[in-house]
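Colleague: Sending over a structure as structure tokens; questions will come in a sec.
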């Protein structure tokens with residue numbers, strides 16, 4: 001049975017009996033042993049435990065996605081465009097997108113081998129969810145703060161807000177919420193439209209040039225790229241920095257009231273500057289994404 005109550009502080013419906021408040025079906029010690037096995041040879045000796053663990057992670061993701069969806073729907077004053085089913089959020093749409101996934105066994109093995117001192121039970125993002133939305137940087141931070149309160153009410157015993165909008169993680173920009181529930185660890189990301197679009201394009205590049213380009217910020221990361229590939233990766237990192245600057249300008253203009261958030265039809269030429277640049281970078285990312293898709297498609301033939 002799931003009990004629901006509307007929080008006085010946020011107005012959101014919070015589940016007081018959900019998977020987030022339940023202990024994992026597999027003991028911490030057994031999860032630790034499964035992680036050690038995956039790290040070394042990739043074979044888990046107790047498949048029933050592994051299946052129960054993965055099912056539990058999937059249930060955690062489902063609850064995170066539900067809470068994010070309810071939260072976004074209740075923020076109609078900011079997210080005017082509602083939820084979109086498109087791959088990317090169009091600038092000026094006021095739309096949002098909620099997604100989630102448990103890590104695949106392949107990516108989990110990779111992470112365990114990169115983070116050799118971190119046991120499986122302490123991997124932060126085995127269960128992960130995202131809220132991508134057409135908002136300014138200020139609104140993004142406000143949303144993240146409100147989500148901290150929401151997940152605390154959902155049973156989180158610890159919530160850490162990690163602001164990674166400086167691009168130090170191989171160009172990726174987002175606000176991360178590191179959550180600790182009785183059910184285990186989880187991660188929620190909040191991204192703007194451009195942050196999300198850039199990340200999707202970079203993931204496409206990683207499918208072509210190798211997944212390791214996603215971890216260039218890590219000390220022991222070794223990536224073998226041709227001169228042409230290095231140039232493309234450098235270009236993508238440059239785009240990340242430029243889009244960040246455009247978002248800062250958009251944020252400043254919104255703050256002093258040059259144009260309403262999401263309104264790209266203002267009359268003053270001076271006021272159009274931030275929104276025009278915003279659209280230009282969105283278009284550039286679209287074209288890069290198309291090219292990467294063509295390359296991937298030709299390699300499969």
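Residue numbers (full-length UniProt numbering): 1 to 301. Here a beta-carbon is modelled for each residue, glycine too, at the ideal position from N, C-alpha and C. Computed from a predicted model, the values in this text were never measured in an experiment.
(1) Which residues bound the beta strand (DSSP E) around residue 189?
(2) Alpha carbon to alpha carbon, how far is residue 264 from residue 79?
(3) Excluding five sequence neighbours on each side, which residues of the same chain lie with their C-beta closer than 8 Å to the C-beta of residue 56?
(4) Determine the contact status of residue 68 and residue 129, defining contact as a CB-CB distance below 9 Å.
(5) Determine the burial state of residue 240: buried for a count of at least 16 other Cβ atoms within 10 Å of its Cβ, exposed for fewer.
(6) Return the bridge partner residues of residue 148 from the DSSP annotation.
(7) In the DSSP output, which residue or residues are listed as bridge partners for residue 97?
(8) Which ranges does the alpha helix (DSSP H) cover as unbroken runs of at least 4 residues, wholly within the segment 15-66, from first to last along the chain?
(9) Using DSSP bridges, identify the partner residues of residue 172.
(10) Nearest-angstrom Cα distance between residue 72 and residue 96?
(11) Under the three-state reduction of DSSP, which class applies to residue 91: helix, strand or coil?
(12) How many whole angstroms separate the CB atoms of residue 119 and residue 32, which I take to be in contact at a CB cut-off of 8 Å?
(13) Just how far apart, CA to CA, sit residue 49 and residue 30?
(14) Kindly list the residues whose CB is nearer than 8 Å to the CB of residue 28, restricted to its own chain and excluding five residues on each side of it in sequence; keep chain order.
(15) Which value, in whole angstroms, describes the spacing of the CA atoms of residue 270 and residue 100?
(16) Does the distance from the C-beta atom of residue 89 to that of residue 197 stay below 9 Å?
(17) Can you say whether residue 136 is buried or exposed, counting buried as having 16 or more other CB atoms within 10 angstroms of its CB?
(18) Is DSSP giving residue 156 helix, strand or coil here?
(19) Just curious, the alpha helix (DSSP H) that residue 113 is in, first and last residue?
(20) If we call anything under 9 Å between Cβ atoms a contact, is residue 64 one with residue 190?
(21) Within 10 angstroms of the Cβ of residue 227, are there 16 or more other Cβ atoms? Answer buried if so, exposed if not.
(22) Kindly indicate which residue of 280, 110, 127, 211 has the alpha-carbon position closest to the one of residue 62.
(23) Provide the residue(s) that pair with residue 178 in DSSP beta bridges, ordered along the chain.
(24) State yes or no: is the C-beta of residue 299 within less than 9 Å of the C-beta of residue 162?
(25) Per DSSP, residue 119 is paired with what?
(26) Given a cut-off of 9 Å on the beta-carbon distance, is the pair residue 292 and residue 205 in contact?
(27) For residue 285 versus residue 201, is the C-beta spacing smaller than 9 Å?
(28) For residue 125, count neighbouring Cβ atoms within 10 angstroms of its own Cβ and tell me buried if that reaches 16, exposed if not.
(29) Which one of 170, 138, 173 has the shortest CA to CA distance from residue 251?
(30) Does the Cβ-Cβ distance between residue 170 and residue 216 come in under 9 Å?
(31) Sorted by chain position, which residues of the same chain lie with C-beta nearer than 6 Å to residue 274's C-beta, five sequence neighbours on each side aside?
(32) Roughly how many angstroms separate the alpha carbons of residue 176 and residue 164, rounded to a whole number?
Modeller: Let me lay it out:
(1) 184-192
(2) Model confidence at residue 264 stands at a pLDDT of 40, short of 50, so the residue's coordinates are unreliable; what they give is reported in the following sentence. Their backbone Cα atoms lie some 15 Å apart in a straight line.
(3) 19, 24, 25, 26, 183, 184
(4) In this structure, residue 129 lies closer than 9 Å to residue 68 by Cβ.
(5) buried
(6) In DSSP, residue 148 forms no bridge with anything.
(7) According to DSSP, residue 97 bridges with 132.
(8) 28-40
(9) 169
(10) 7 Å
(11) coil
(12) 5 Å
(13) The straight-line gap from Cα to Cα measures roughly 8 Å.
(14) If we look at residue 28 and ignore the five residues flanking it on each side, its Cβ neighbours are 121.
(15) Any reading at residue 270 must be qualified, since the residue scores a pLDDT of 38, below 50, and its modelled position is unreliable; no value is offered.
(16) yes
(17) The residue is buried, with at least 16 neighbouring Cβ atoms inside 10 Å.
(18) coil
(19) Its alpha helix (DSSP H) spans residues 105-114.
(20) no
(21) A residue is called buried once 16 or more other Cβ atoms fall within 10 Å of its Cβ, and residue 227, having fewer, is exposed.
(22) 127
(23) 160, 187
(24) no
(25) Residue 119 pairs with nothing; no bridge assigned.
(26) yes
(27) yes
(28) buried
(29) 138
(30) yes
(31) Reliability of the predicted coordinates at residue 274 is poor, the pLDDT of 45 falling under 50, and no value is obtained from them.
(32) 7 Å
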